[in-house]
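Below you'll find the structure, written out as structure tokens, and then a few comments.
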Amino acid sequence: MVVTDLRRIVLWACLALMTLVAVPARAQSPYVDDRYPHLFAPRDQRPRIITIPQGSRQAAPRAARSAESVRPPRDRAATLPTVTDGTQPPAADAPASPTTFLLVLGDNLAEWLAYGLEQAFEDVPELGVLDRTRLSSGLTRPEFHDWSRAVPETLAQQAKVDFIVMMVGSNDRQAIRLERESIEPDNERWRDLYAQRVDAVMQAMKARGVPVYWV
Numbered sequence: 010m011v012v013t014d015l016r017r018i019v020l021w022a023c024l025a026l027m028t029l030v031a032v033p034a035r036a037q038s039p040y041v042d043d044r045y046p047h048l049f050a051p052r053d054q055r056p057r058i059i060t061i062p063q064g065s066r067q068a069a070p071r072a073a074r075s076a077e078s079v080r081p082p083r084d085r086a087a088t089l090p091t092v093t094d095g096t097q098p099p100a101a102d103a104p105a106s107p108t109t110f111l112l113v114l115g116d117n118l119a120e121w122l123a124y125g126l127e128q129a130f131e132d133v134p135e136l137g138v139l140d141r142t143r144l145s146s147g148l149t150r151p152e153f154h155d156w157s158r159a160v161p162e163t164l165a166q167q168a169k170v171d172f173i174v175m176m177v178g179s180n181d182r183q184a185i186r187l188e189r190e191s192i193e194p195d196n197e198r199w200r201d202l203y204a205q206r207v208d209a210v211m212q213a214m215k216a217r218g219v220p221v222y223w224v
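Heads up: the sequence shown is residues 10 to 224, going by my numbering.
The following block contains the structure:
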């Protein structure tokens, strides 16, 4: 498979999977609990629940099984291949080894992204997905997991990487702690510090010289 075609397929797969793991923005208040509309929604907005009377839940009579419909027992000996010339039957072809590798980095959602990419490329044996995600990681807590250092270390351990996919941020809506202060989110300084960390991770990935997709 041509690398250009793989690059296009990887991009479309990432975009499609991103729509599955991303939570759509709600038009109503985020504090409305709509998980059980039949319990908590206003009466005029509750879905109708139709109850089927007990007497109408009668199973259809099961047709009698005729003797003609019963399949005769299979003769296993007749189905076995016969070897007349003393040679063994040809062995099944071994699965092809991957020649192109896609490295997935990031947090909890990135782990699901890696799983989805494995499923999406299940029928493309020449492409292998390398899951190097880290649960509960992010860019606001480098003392827990520092992606700016982990990316070069991970790339050094992989002999061949053709694509890199990064998905991170689901755990990052929290304060950035410096040596003597804590910077809360939703202010200009927090955004500047976070952007610096994004740039550091991006530069570490781009240093490999392969296409990088930040989801």
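For every residue, glycine included, the Cβ atom is placed at its ideal position computed from N, Cα and C.
Since the model is a prediction, treat every value here as computed from it, not as a measurement.
- By a beta-carbon distance limit of 8 Å, P161 does not contact A119. Their separation comes to about 18 Å.
- In this structure the segment 183-193 does not touch the segment 135-143; the number of beta carbon pairs closer than 8 Å is below three.
- As DSSP reads the structure, V219 sits in no beta bridge.
- Beta-bridge partners of V174 (DSSP): V113, Y222.
- Counting along the chain, no beta strand (DSSP E) covers L164; the unbroken alpha helix (DSSP H) around it starts and ends at 156-166.
- By DSSP's assignment, V138 forms a beta bridge with L111.
- With a threshold of 16 other beta carbon atoms within 10 Å, F130 meets it and is buried.
- Within the model, the alpha-carbon separation for Q183 versus A159 is close to 21 Å.
- Under the three-state reduction of DSSP, R186 is assigned to strand.
- Looking from the CA of V210, the closest CA among V174, P134, Q167, V138 belongs to V174.
- A buried status is given to R206, since no fewer than 16 other beta-carbon atoms sit within 10 Å of its beta-carbon.
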